[in-house]
Amino acid sequence: MRPKIKICGITREEEIRMLNDAGVDYAGFVFYEKSKRYISMEGAERLKKQLDSRIKSVAVTVSPDAELVRTICANDFDIIQIHKDIDEEALRAATKPVWMAINVSDAAAANDKLRQIEQMAELSGKEPEGFVVDAENFGSGRTFDWHAGNIPEMHGLFILAGGLDAENAGEAIRLFSPDVVDVSSSVEGNSGKDEAKIKEFINSVRKAADNE
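Residue 130 in my numbering sits at position 115 of the sequence shown; the count goes up by one each step and never skips.
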């Protein structure tokens, strides 16, 4: 089965057109001010309205508080993606599906993070829909060690991120059979997302999946 495709870090109208034309499955908007792909809520809402109805919008956050989560839900983003710290009140505020990020650069840390997520899910009553398996610094364009066996057993969608590109996508799909592949930096040029690189990545993913 082909994994679904998420293009993260959307900031321009031209990039929305690229995603609509390419027929991807998810568009990620980064609400983290320290990221070079940061976009304001107003800017993301404007772009989101131009997305093809088949493409789901993902609000990417870092240690969000309940106020930000409520704002995201009020603006009708389809999914909330959470990196770093998890707040019980923020999870309780989520009326949309949640994807939790796990850094798998270290096996012990990855297992600790999963336990923390499970505890917060129990306290808040909000089970994650999926888990974003990523390298230490999301958006860095670097892979984690795919052969180290650091990925804990998870129940939910498996979203694979961290340094994916057209060249390594096939190996990643063969190794992990992810539900979703999540890409950002490798499909960028000098001024943002690059249409040719997006198409190349998509073709690589689909070819690899069809050969499985």
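All residues carry an ideal CB built from backbone N, CA and C; glycine is no exception.
Item	Value
Near Lys19, what residues of its chain come up, given a Cβ to Cβ distance below 6 Å and the 5 sequence neighbours on each side ignored?	Asp40, Val195
By the three-class DSSP mapping on this structure, what secondary structure does Gln96 have?	strand
For Arg17 and Val220, I'd like the C-alpha separation in whole angstroms.	8 Å
Decide yes or no for the touch test of the stretch 60-78 against the stretch 93-106: beta carbon pairs closer than 8 Å, at least 3 of them.	yes
Helix, strand or coil: how does DSSP classify Asp225 here?	helix
Starting from Lys71 and walking both ways along the beta strand (DSSP E), at which residues does that stretch end?	71-77
Could you say which of Arg189, Arg107, Pro143, Ala136 lies nearest to His162 if we only look at CA atoms?	Arg189
Return the CA-CA distance between Ile101 and Glu168, expressed in angstroms with no decimal places.	19 Å
Counting only runs that start and end within the stretch 174-219, where is the beta strand (DSSP E) found for 3 or more residues in a row?	195-198
What is the residue span of the alpha helix (DSSP H) that Ile132 lies within?	122-139
Measuring alpha carbon to alpha carbon, tell me which residue in Ile166, Lys214, Leu172 is nearest Asp180.	Lys214
Given a cut-off of 7 Å on the beta-carbon distance, is the pair Glu137 and Gly171 in contact?	no
With respect to the alpha helix (DSSP H) encompassing Lys63, which residues constitute its N-terminal and C-terminal limits?	56-63
Name the one or two DSSP bridge partners that Trp161 has.	According to DSSP, which records beta bridges pairwise, Trp161 is partnered with nothing at all.
Which same chain residues, not among the five before or five after Gln65, have their C-beta less than 6 Å away from its C-beta?	Ile31
Measuring CB to CB, does Phe191 end up less than 7 Å from Val202?	no
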